[in-house]
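Novice:
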Ligand SMILES: NC(=O)c1ccc[n+]([C@@H]2O[C@H](COP(=O)([O-])OP(=O)(O)OC[C@H]3O[C@@H](n4cnc5c(N)ncnc54)[C@H](OP(=O)(O)O)[C@@H]3O)[C@@H](O)[C@H]2O)c1
């Protein structure tokens, strides 16, 4: 039996690149897929492209700009409403994939540096808000798309929302290290044994991520670099592996590349850094008790 059939899966950033490919492949395997994107027209175009591949795909898109915490909360509410209309009434898999790079230092409406807000705080808050439906699944997974950029990085969580010296690459590295720290700390703190979190390293992938940056230099560098990247199908294989294998077969490993466990950086498994990031993220998202029922 296809294990993904009838699973309810949310993929953020499902309008392009890795997220689109994940939504396509998961829908093709019979899962109930909810894609999230920041632009209604791009969401509809992605939905149509999936239906043109798989006319019977169970695919819905919801619109939310994840740079705004209100919209993250609104997305979670919409996902819960959608799922509760369905008799299975749970979310089995959350794929935190949406991400960006920003050449210029920008702040969100919540006053938080944009890269940190979208790449780290949005998954942190979205996961928290979706816990009521994730806990109803007998085997829930939270898969967060990180990057090998997280290596050779260290930061002060108290400064991440407003770094003194801003640099595109460093802000991105901090956000991707935060993805692994979040995943590890989630597993340490999570009282529900039916929910497991994993982080994925996609490798270099030929997507348009750098072309969407707000600066000419990043666009130019990425236009050269992206050509060496793989097709999005490659990291999506790892995502599919993490959605389909039993938790026992995944052996409790945290960080995955090419469907194999990989050692994350020393900073990524530093429990003190993870604790400090967790506490600061709760403060920035106004969360009093992350796992409160
Ligand atoms: N490409 C690589 O080599 C690579 C390597 C390591 C890690 N990653 C990670 O992989 C993930 C996916 O990136 P990608 O390469 O597939 O890039 P991509 O094609 O640009 O996809 C990024 C997705 O995130 C969405 N997004 C961006 N900002 C958003 C916001 N404020 N609110 C809601 N959605 C937003 C984008 O929406 P639009 O379609 O509207 O732009 C798009 O759907 C990211 O987390 C990235 O850090 C990528």
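In our numbering, the protein residues as written are 1037 to 1329.
Even for Gly, the Cβ is constructed at its ideal location relative to N, Cα and C.
Treat the numbers as computed from the prediction; the structure is a model and nothing was measured.
Using only alpha-carbon positions, find the residue among 1067, 1043, 1311 and 1321 that is nearest to residue 1192.
Specialist: Distance from the Cα of residue 1192 is smallest, within the candidate group 1067, 1043, 1311 and 1321, for 1311.
Novice: So, for residue 1274: in the same chain, excluding its five sequence neighbours on each side, which residues have a beta-carbon less than 7 Å away from its beta-carbon?
Specialist: 1236, 1292, 1293, 1294 and 1295
Novice: Among 1204, 1108 and 1125, which residue has its Cα nearest to the Cα of residue 1163?
Specialist: 1108
Novice: Return the CA-CA distance between residue 1080 and residue 1322, expressed in angstroms with no decimal places.
Specialist: Spanning the two alpha carbons is a distance of roughly 32 Å.
Novice: For a test of the three-state rule: what should DSSP assign to residue 1116, helix, strand or coil?
Specialist: Residue state, collapsed to three classes: helix.
Novice: Whose C-beta lies closer than 6 Å to the C-beta of residue 1159 among residues of the same chain, with five residues either side of it excluded?
Specialist: Excluding the 5 residues flanking it on each side, residue 1159 has same chain C-beta neighbours closer than 6 Å at 1132 and 1180, in chain order.
Novice: Taking DSSP as the reference, what is the three-state secondary structure of residue 1106?
Specialist: The answer is helix: DSSP assigns residue 1106 an H, G or I state.
Novice: Compute the beta-carbon to beta-carbon distance between residue 1155 and residue 1215, rounded to the nearest angstrom, for a pair I have assumed lies under 8 Å.
Specialist: 7 Å
Novice: Within its chain, find whatever has a CB closer than 6 Å to the CB of residue 1063; leave out the 5 residues flanking it on each side and keep chain order.
Specialist: Contacts found: 1069, 1086, 1090, 1093 and 1095.
Novice: For residue 1299, does the count of other Cβ atoms within 10 angstroms reach 16, so buried, or fall short, so exposed?
Specialist: exposed
Novice: Have a look at 1046, 1319 and 1148 and flag the residue whose alpha-carbon is nearest the alpha-carbon of residue 1202.
Specialist: 1148
Novice: Could you check if residue 1051 belongs to the surroundings of ligand 1, using beta carbon to heavy atom distance under 6 Å?
Specialist: Ligand 1 has a heavy atom closer than 6 Å to the beta-carbon of residue 1051.
Novice: DSSP state of residue 1203, grouped into three classes?
Specialist: coil
Novice: Within its chain, find whatever has a CB closer than 8 Å to the CB of residue 1053; leave out the 5 residues flanking it on each side and keep chain order.
Specialist: Counting only residues of its own chain and dropping the five nearest sequence neighbours on each side, residue 1053 has a CB closer than 8 Å to the CB of 1241, 1243, 1244, 1245 and 1268.
Novice: Which one or two residues does DSSP pair with residue 1096 in a beta bridge?
Specialist: 1070
Novice: Count the other CB atoms within 10 Å of the CB of residue 1105; is the residue buried (16 or more) or exposed (fewer)?
Specialist: buried
Novice: Applying the criterion that 16 or more other CB atoms from any shown protein chain within 10 Å of the CB defines a buried residue, is residue 1218 buried or exposed?
Specialist: buried
Novice: Tell me the DSSP secondary structure of residue 1059 in three-state form.
Specialist: helix
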